[in-house]
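Position 278, counted from 1, in the sequence shown is what numbering that gives the first Met the number 0 calls 277; the numbers after and before it change by one each time, with no gaps.
Glycine is no exception: its CB is placed at the ideal position from the N, C-alpha and C atoms.
In this text the structure is predicted, and so the values were computed from the model without any measurement.
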Amino acid sequence: MIFEKRPTQVPMITVNQSSRCQALILSPLRLMRVIAERKRLYRKKDQKFIFGNEMDERKSCRIGEGGFGSVFRYVYNNRDVAIKQLHRSRHSPTSDFHSFCSELNAFRLPPSPYVVQTIAFTSSKSCMQVITEFIEGKNLQQLINDETWQVDIHQRLQLALQIISGLVHCHSHLLLHLDVKPANIFVDATCKKCKLSDFGCSRTAVSTETDILHAEITRSSCFGTVAYKAPELLKGLDATDRADIYSFSLVLWELLARKAAFDRVHPHVLIYGIVARRIRPKIDELNFLKEKKNEELVTLLQNGWSEKLTKRPRAVSVQQIIKMIVSSKTIFSETTGS
């Protein structure tokens, strides 16, 4: 079964049947010769039938792989797409279900220039697949680590503005990302546009009287990267939109510093440091932030990763502050900002 987004935002359901297969519902997104189980279940001519005219298997290639599964580049309906194939775990089907549902949170989001669009999804016995738009370029983590990446402070702040705009879009539709980090931000080949991606940890939220978005979260379904997780999440508390602001503040510092905030630190040591000792990236490592004219950016960083959740600003407030800083072209000079 494949669910596909139409311009009206109403999902389309297509069901194909095959008497040769054990499964009743087959996916037109099936990736050939990838999983041994699929080799046993489906014959080659069945696979060709499944692909039909929608997928061009001749233009496919694997572009990534991890514990979650694999990512492929494909041509779908004459459009370059990325297919994330989530392998079903034999040990934790509940975890698989949570991860898949979280990925699909992005499916209900209206299109945004700052969020990677989820186009369709499918599920079968052996794996689950999410198909998204393909971004030609690199993720922000790769660029930060690339010493040949030539970009000044002003351009980096423009990227930061796009990242926070992606969070504004998510929060305005009651969705918490909860895994904001450089590796989940894709920058196009021009290095001028970026989009937020990977909603595997996301949660649907509800608004509260205090104007804070809130989402219940269990320890078993709480994932993400320790270095970018808010202290309250490391303590096992529920998630809020301010957890995304904490993560964004770490990303902003790394984007400005061109290095990791906590490099080569064991996760257990890092959790203790963040929660008990309240360690944060060092502002004084960025010399240009010592200038008085950059006080607003310093305040933004410090408030953003504050231990007190209520001290962290809303995404829309962060967006306004960065927009003002970017529009002030004299606030940074290349000599102090590079």
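Residue i bridges to which residues according to DSSP?
i, result
"Q84", "S69 and Q128"
"S174", "Reading off the sequence shown, one finds Leu at residue 174, where the question assumed Ser. Paired residues: T203."
"V114", "L195"
"D151", "For D151, which the question treats as bridged, DSSP gives no partner whatsoever."
"D79", "V74"
Using the three-state DSSP reduction, which class does residue i fall into: helix, strand or coil?
i, result
"A214", "strand"
"I184", "strand"
"E295", "helix"
"E64", "strand"
"C193", "strand"
"N138", "strand"
"D237", "coil"
"A260", "coil"
"K120", "Per the sequence shown, the amino acid found at residue 120 is Phe instead of Lys. In this structure, F120 counts as strand in the three-state DSSP scheme."
"I320", "helix"
"V74", "strand"
"E102", "helix"
"S246", "helix"
"R278", "The sequence given here has Ile at residue 278, not Arg. Correct three-state label for I278: coil."
"T309", "helix"
"S327", "coil"
"A229", "coil"
"G303", "helix"
"E208", "coil"
"F133", "coil"
"H265", "coil"
"F284", "Checking the sequence shown, residue 284 turns out to be Glu, not Phe. If DSSP states are grouped into helix, strand and coil, E284 belongs with the helices."
Measure how close the beta-carbons of residue i and residue j come, nearest whole angstrom, since I'm counting them as under 8 Å.
i, j, result
"G136", "D210", "Not a contact, Cβ separation roughly 35 Å."
"A260", "L249", "5 Å"
"T203", "L174", "6 Å"
"S111", "H170", "12 Å between Cβ atoms; not a contact."
"C200", "G223", "5 Å"
"V346", "Y227", "Examination of residue 346 is not possible in this model, given that the chain is present from 0 through 337 alone."
What does a CB cutoff of less than 6 Å around residue i pick up in its chain, not counting 5 residues either side in sequence?
i, result
"R241", "L308 and R311"
"S196", "V115, N183 and F185"
"A229", "A242 and Y245"
"K47", "Here the model assigns K47 a pLDDT of 31, short of 50, so the residue's position is not dependable, and the following value carries that caveat. Counting only Cβ-Cβ distances below 6 Å, and skipping sequence neighbours, we find nothing."
Leaving aside the five residues before and after residue i along the sequence, list all residues of the same chain whose C-beta is less than 7 Å from its C-beta, in chain order.
i, result
"F198", "S101, E102, N104, A105 and H176"
"I278", "G272"
"K342", "Residue 342 lies beyond the range of the chain shown here (0 to 337); nothing can be said about it."
"I134", "V115, F185, D187 and K194"
"P181", "N138, L139, Q140, I143, V250 and E253"
"R257", "I143"
"E284", "A256"
"W304", "Y245, S248, L249 and R279"
"W148", "L142"
Do you know how far the Cα of residue j is from the Cα of residue i?
i, j, result
"V74", "V80", "6 Å"
"M127", "I282", "43 Å"
"V264", "T207", "36 Å"
"I82", "I130", "4 Å"
"I216", "F247", "20 Å"
"R32", "S98", "Caution applies to R32, whose pLDDT of 34 falls short of 50 and renders its modelled position unreliable; the model cannot decide the point."
"S316", "Q301", "14 Å"
"R72", "F120", "15 Å"
"E295", "S122", "47 Å"
"L156", "K191", "11 Å"
"I152", "K292", "14 Å"
"Q319", "Q154", "17 Å"
"L255", "V150", "10 Å"
"T239", "I163", "16 Å"
"L288", "R78", "43 Å"
"I118", "R276", "43 Å"
"L299", "N286", "16 Å"
"T189", "D262", "28 Å"
"E306", "E231", "8 Å"
"V325", "R313", "19 Å"
"A214", "S327", "36 Å"
"E146", "Y113", "25 Å"
"L158", "E132", "19 Å"
"A35", "H267", "Residue placement at A35 cannot be trusted, given a pLDDT of 40 that sits under 50; the coordinates are not used to answer."
Closer than 8 Å by C-beta to residue i: which residues in its own chain qualify, once you throw out the five before and the five after it? Chain order, please.
i, result
"V70", "R61, I62, G63, E64, A81, I82, K83 and Q84"
"P172", "It is His, not Pro, that sits at residue 172 in the sequence shown. Within the same chain, H172 has close Cβ partners R107, L108 and P109."
"L233", "V225, I270, I273 and V274"
"L212", "H170, L173, L175, A204, V205, S206, T239 and D240"
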